[in-house]
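Just so you know, the sequences run in chain order C and V. Each residue of the first sequence is one higher than the one before, starting from 1 at the first, in the working numbering. Each residue of the second sequence is one higher than the one before, starting from 373 at the first, in the working numbering. Taking it in order: structure first as structure tokens, then the write-up.
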Amino acid sequence: MSKTVELPRWIDVGALPLLNLLLALVVSGLVVLAIGENPVEVVEILLYGAFGYEEAWGYTLYYTTNFIFTGLAFAVAFHCGLFNIGAEGQAYVGGLGVTLAALYLDFLPFPIMLVVAMFAAMIFGAAWAYIPAYLQARRGSHVVITTIMFNFIASSLMVYLLVNVLRPEGSMTPESEQIAEHLRLPFIHDIAGALGIEMASSPLNLSFVYAIVISVMVWLFIWHTRWGYAIRTVGANAVAATYAGLEPGRFIIIAMMISGALSSFMALNEVMGVQHRLLIDFTAGYGFVGIAVALMGRNHPFGIFLAALLFGMLYQGGAELSFEIPTISNDMVVVIQGLVILFTGAMEHMFRPRVTKIYTAWRLRQDAGEAA
Amino acid sequence: MDTFQLIILLLDATLRTSTPLILAALAGMFSERSGTINLALEGMMLGGAFSAAAVAFYVGSPWVGLLAAIATTIALSLLHGFACITHKGNQVVSGMAINILMSGLTALVGIALFAQGGKTPALDKGSRFQPITFPGADAVKDVPVVGPIYSELLSGHNILVYVAFIAAPAAWWVMYRTRFGLRLRAVGENPGAVDTAGIGVVAMRYRAVICSGVLVGMSGAYLSTAQGASFLQDMTAGKGYIALAAMVFGKWRPFPALAACLLFGFLDAAATRLQGVVLPGIGEVPVQLVQALPYILTVILLAGFIGRAIPPKALGRAYVKER
Numbered sequence: 001m002s003k004t005v006e007l008p009r010w011i012d013v014g015a016l017p018l019l020n021l022l023l024a025l026v027v028s029g030l031v032v033l034a035i036g037e038n039p040v041e042v043v044e045i046l047l048y049g050a051f052g053y054e055e056a057w058g059y060t061l062y063y064t065t066n067f068i069f070t071g072l073a074f075a076v077a078f079h080c081g082l083f084n085i086g087a088e089g090q091a092y093v094g095g096l097g098v099t100l101a102a103l104y105l106d107f108l109p110f111p112i113m114l115v116v117a118m119f120a121a122m123i124f125g126a127a128w129a130y131i132p133a134y135l136q137a138r139r140g141s142h143v144v145i146t147t148i149m150f151n152f153i154a155s156s157l158m159v160y161l162l163v164n165v166l167r168p169e170g171s172m173t174p175e176s177e178q179i180a181e182h183l184r185l186p187f188i189h190d191i192a193g194a195l196g197i198e199m200a201s202s203p204l205n206l207s208f209v210y211a212i213v214i215s216v217m218v219w220l221f222i223w224h225t226r227w228g229y230a231i232r233t234v235g236a237n238a239v240a241a242t243y244a245g246l247e248p249g250r251f252i253i254i255a256m257m258i259s260g261a262l263s264s265f266m267a268l269n270e271v272m273g274v275q276h277r278l279l280i281d282f283t284a285g286y287g288f289v290g291i292a293v294a295l296m297g298r299n300h301p302f303g304i305f306l307a308a309l310l311f312g313m314l315y316q317g318g319a320e321l322s323f324e325i326p327t328i329s330n331d332m333v334v335v336i337q338g339l340v341i342l343f344t345g346a347m348e349h350m351f352r353p354r355v356t357k358i359y360t361a362w363r364l365r366q367d368a369g370e371a372a
Numbered sequence: 373m374d375t376f377q378l379i380i381l382l383l384d385a386t387l388r389t390s391t392p393l394i395l396a397a398l399a400g401m402f403s404e405r406s407g408t409i410n411l412a413l414e415g416m417m418l419g420g421a422f423s424a425a426a427v428a429f430y431v432g433s434p435w436v437g438l439l440a441a442i443a444t445t446i447a448l449s450l451l452h453g454f455a456c457i458t459h460k461g462n463q464v465v466s467g468m469a470i471n472i473l474m475s476g477l478t479a480l481v482g483i484a485l486f487a488q489g490g491k492t493p494a495l496d497k498g499s500r501f502q503p504i505t506f507p508g509a510d511a512v513k514d515v516p517v518v519g520p521i522y523s524e525l526l527s528g529h530n531i532l533v534y535v536a537f538i539a540a541p542a543a544w545w546v547m548y549r550t551r552f553g554l555r556l557r558a559v560g561e562n563p564g565a566v567d568t569a570g571i572g573v574v575a576m577r578y579r580a581v582i583c584s585g586v587l588v589g590m591s592g593a594y595l596s597t598a599q600g601a602s603f604l605q606d607m608t609a610g611k612g613y614i615a616l617a618a619m620v621f622g623k624w625r626p627f628p629a630l631a632a633c634l635l636f637g638f639l640d641a642a643a644t645r646l647q648g649v650v651l652p653g654i655g656e657v658p659v660q661l662v663q664a665l666p667y668i669l670t671v672i673l674l675a676g677f678i679g680r681a682i683p684p685k686a687l688g689r690a691y692v693k694e695r
């Protein structure tokens with residue numbers, strides 16, 4: 001076997017993912033060309049739509065908030081070697097928790113409600129993740145299949161509840177009652193306004209700040225706590241973990257429940273922050289975007305933030321795009337999302353052998369140069 | 373309407389709703405028995421449905437549409453194989469990527485080609501698969517019991533329905549009675565042994581995903597050119613995942629999978645008829661519960677409460693020849 005040099009960190013976590021991302025974007029550009037539009041123009045509109053004016057920033061960061069939560073959710077389970085495809089269902093059920101708390105405990109003052117709603121979301125989301133987690137840990141049923149099934153079960157359950165239970169009397173639309181005004185998360189533009197700063201109104205609300213705080217907490221948890229270490233150990237090698245005295249099943253359940261709780265925080269942004277009521281399918285596929293975000297961000301909270309920002313930009317810019325170019329709908333963003341998952345996730349190893357070869361050759365030549 | 377006729381109608385609808393499930397579940401089985409997880413059934417079905425409807429519209433023949441669907445799904449299978457078999461990428465991630473990609477791409481191309489909001493134009497009679505009436509179906513229609521069974525239930529479906537029901541025993545024969553099937557099952561259980569015997573694991577797995585592509589392509593074409601008359605955005609509506617559930621429920625075997633598809637198809641057909649019906653003693657059955665039943669049953673099975681579903685041993689693992 002020929003001699004190879006181990007890749008340095010900047011190539012491993014920086015250059016290689018960027019190369020894959022670039023390929024995904026190039027292929028997306030080809031798709032745009034294929035349907036007869038100009039990719040350069042599309043990029044211009046996307047960027048303008050995402051950052052070109054003040055309001056756009058707010059929308060971009062509002063989407064980013066959702067993606068941070070679902071990305072972190074996927075990442076925590078992934079560190080334990082699990083694929084949690086169920087963020088969509090967990091967030092949906094988490095939304096039920098938030099809504100129930102806000103509707104039935106509406107006498108609480110806002111600061112207390114904030115904490116209560118957070119816990120309600122966490123408990124509901126974690127509980128929904130608990131069943132697949134338990135089945136994986138104790139009965140060996142594969143978590144990928146069960147979480148997919150649980151997305152559909154959650155969807156049916158919520159439709160039932162919205163149509164038969166939560167729908168206010170006399171209303172035809174299957175959605176819950178509005179939550180009381182004083183219990184809604186304040187918009188950032190309102191906070192800024194109170195501080196005397198003029199800001200364009202957008203759906204960006206307090207939960208964005210919360211997402212940043214949670215990101216730091218997840219980072220601390222995964223890399224600086226015993227449980228985090230145990231989760232990573234189980235994920236890296238469950239057999240070795242058993243020899244080290246860790247019980248894999250226990251940490252599988254813990255990781256999945258944290259993952260479910262993180263997904264459910266998305267409901268804080270959507271239900272408590274923006275929609276102010278429980279809607280059918282309010283999760284709108286954000287749970288699946290979390291997979292792309294986590295894979296692109298290499299399951300690190302900082303990487304996830306950057307990837308979430310990229311997808312926030314794509315979502316907001318994509319809305320602008322469908323407005324400007326009628327042949328390009330929001331589906332373009334879905335295509336880009338699929339390609340990003342394909343190239344940065346499924347085909348992440350495609351360039352590695354070649355890059356390793358080139359890097360090795362370069363290093364060997366350098367070493368030879370130094371020796372001479 | 374008497375009970376007998378009601379049952380005939382319900383079973384008739386079951387055959388129609390379970391056909392795409394059977395084809396897709398068998399597709400999943402070929403791929404998974406060879407060791408490659410196939411979560412991409414949903415996306416491939418969607419791709420097949422779109423190609424079939426679009427090509428059938430331009431050419432005016434459902435057969436050419438079917439070929440286009442199969443070509444599309446084989447291409448997608450090869451993409452899945454390229455990521456998972458050649459580059460040893462993660463099979464779950466690749467499947468999800470294809471699902472998301474196709475959900476966007478079919479709508480995008482649909483709008484670019486036809487400008488009807490993601491739909492394809494409605495197909496006329498000649499570009500769709502038409503019902504086949506069995507000989508003498510009209511003559512025996514009024515014979516009690518046997519008449520309705522022959523003329524309503526068995527006769528009067530399009531060719532793809534019959535193909536699906538022949539596909540199950542055919543898949544069984546290929547899987548358990550041919551050398552190809554033996555090797556296919558072997559690479560899914562113990563690829564190392566197959567490799568030692570001098571058979572290429574990679575080539576075997578590629579052949580398996582191609583088989584998978586052919587079957588799921590038919591299932592897609594069925595949705596848009598046989599059952600329906602055009603492609604609609606996200607028209608699969610989770611059928612790929614139900615097929616996946618049926619395959620798991622059938623323990624990765626052709627006949628149990630066929631039975632699971634019939635059961636899930638029956639639940640689907642029953643759900644539409646149960647809407648708002650009050651059953652004596654039970655009260656009104658929530659339609660959502662009936663719709664969720666396939667998923668709930670699959671989870672219960674996976675949990676080991678109804679027998680044990682044991683997946684192929686090497687499922688999800690790329691084969692590494694030597695270190």
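For glycine and all other residues, C-beta sits at the position ideal for the given N, C-alpha and C. Model, not experiment: these values are computed from the prediction.
Practice item. Kindly indicate which residue of V:F506, V:V546, V:A440, V:P541 has the alpha-carbon position closest to the one of I531 (chain V). Key: Ranked by Cα distance from I531 (chain V), the first of V:F506, V:V546, V:A440, V:P541 is V:F506.
Point to revise | F187 (chain C), buried or exposed, once every other Cβ within 10 Å from all chains shown has been counted against 16 | key: buried
Point to revise | Reference P174 (chain C), options C:L185, C:E41, C:M158, closest by Cα | key: C:M158
Exercise for review: Would you verify that the beta carbon of M401 (chain V) is, or is not, closer than 9 Å to some beta carbon of chain C?
Suggested key: no
Check your understanding: Given 8 Å as the limit, is there contact between the segment 615-627 of chain V and the segment 431-448 of chain V, that is, 3 or more CB pairs closer than that?
Key -> The segment 615-627 of chain V makes no contact with the segment 431-448 of chain V; the number of CB pairs closer than 8 Å stays below 3.
Exercise for review: Report the rounded CA-to-CA distance for G655 (chain V) versus L646 (chain V), giving the unit in angstroms.
Suggested key: Approximately 11 Å, taken between the alpha carbons.
Point to revise | Nearest-angstrom beta carbon gap, I68 (chain C) and S176 (chain C) [assumed within contact, 8 Å] | key: Contact flag wrong, Cβ pair sits at about 25 Å.
**Study point:** Nearest residue (CA-CA) to Y691 (chain V), options V:L485, V:I457, V:T608
**Key:** V:I457
Practice item. Return the chain-ordered list of same chain residues with a C-beta closer than 6 Å to the C-beta of F638 (chain V), the five sequence neighbours on each side being excluded. Key: T386
**Study point:** Residues that L651 (chain V) bridges to, as DSSP identifies them
**Key:** L651 (chain V) pairs with V:G655.
Check your understanding: Do you know how far the Cα of R689 (chain V) is from the Cα of V234 (chain C)?
Key -> 18 Å
Check your understanding: Can a CB atom of chain V be found closer than 9 Å to the CB of R139 (chain C)?
Key -> yes
**Study point:** Distance, Q316 (chain C) Cα to S202 (chain C) Cα
**Key:** 12 Å
Check your understanding: Using a Cβ-Cβ distance under 9 Å, would V335 (chain C) count as near chain V?
Key -> V335 (chain C) counts as touching chain V.
Check your understanding: By how many angstroms is the C-alpha of P493 (chain V) removed from the C-alpha of Y430 (chain V)?
Key -> 10 Å
Check your understanding: List, in order along the chain, the chain C residues whose C-beta lies closer than 7 Å to that of Y667 (chain V)?
Key -> From the beta-carbon of Y667 (chain V), the residues of chain C found nearer than 7 Å are M149, F152, I153.
Check your understanding: Short check: CB of C80 (chain C) to CB of R184 (chain C), under 9 Å?
Key -> no
Check your understanding: Grouping DSSP H, G and I as helix and E and B as strand, with all else coil, what is F422 (chain V)?
Key -> helix
Point to revise | K693 (chain V) to T608 (chain V) span [Cα, whole Å] | key: 38 Å
Check your understanding: Just to confirm, are S264 (chain C) and A121 (chain C) a CB contact at a threshold of 9 Å?
Key -> yes
**Study point:** Cβ pair N462 (chain V), G415 (chain V) closer than 9 Å
**Key:** No, Cβ-Cβ distance for N462 (chain V) and G415 (chain V) is not below 9 Å.
Practice item. Determine which residues of the segment 459-472 of chain V have a Cβ less than 9 Å from any Cβ of chain C, and write them out in chain order. Key: Under the 9 Å Cβ criterion, the segment 459-472 of chain V contributes H459, K460, G461, N462, Q463, V464, V465, S466, G467, M468, A469, I470, N471, I472.
Check your understanding: Is the CB of A346 (chain C) under 9 Å away from at least one CB in chain V?
Key -> yes
Review point. With distances taken from CA atoms, which of C:P326, C:G345, C:H349 is nearest A487 (chain V)?
Key: C:P326
Review point. Using a Cβ-Cβ distance under 9 Å, would L314 (chain C) count as near chain V?
Key: no
Practice item. Go through its chain and collect everything with a Cβ distance to G589 (chain V)'s Cβ below 6 Å, but skip five positions before and after it. Key: G420, A441, I442, T445
Practice item. Return the CA-CA distance between L195 (chain C) and V274 (chain C), expressed in angstroms with no decimal places. Key: 21 Å
Review point. For G622 (chain V), which residues in chain C fall below 8 Å Cβ to Cβ?
Key: Those do not exist, as G622 (chain V) stays about 13 Å from chain C at its closest Cβ, beyond 8 Å.
Point to revise | Chain-ordered residues of the segment 607-637 of chain V with a beta carbon less than 9 Å from chain C | key: G610, Y613, I614, L616, A617, V620
Exercise for review: Run the CB neighbour count on K611 (chain V), radius 10 Å, all protein chains shown included, and call it buried at 16 or more, exposed below.
Suggested key: With 16 or more other Cβ atoms within 10 Å, it is buried.
Check your understanding: Do V333 (chain C) and G318 (chain C) have their C-beta atoms closer together than 9 Å?
Key -> Between V333 (chain C) and G318 (chain C), the gap from beta carbon to beta carbon is short of 9 Å.
Review point. By DSSP, does H276 (chain C) sit in helix, in strand, or in coil?
Key: coil
Exercise for review: Output, in chain order, the set of chain C residues within a Cβ distance shorter than 9 Å of I483 (chain V).
Suggested key: I35, P326, T327, I328, S329, D331
Check your understanding: So L82 (chain C) packs on A255 (chain C), CB below 8 Å; how close in whole Å?
Key -> So it is a contact: roughly 6 Å between Cβ atoms.
**Study point:** Cβ neighbour criterion (16 or more within 10 Å) applied to I291 (chain C)
**Key:** buried
Exercise for review: Consult DSSP for F107 (chain C) and reduce its assignment to one of helix, strand or coil.
Suggested key: F107 (chain C) falls in the coil class under three-state DSSP.
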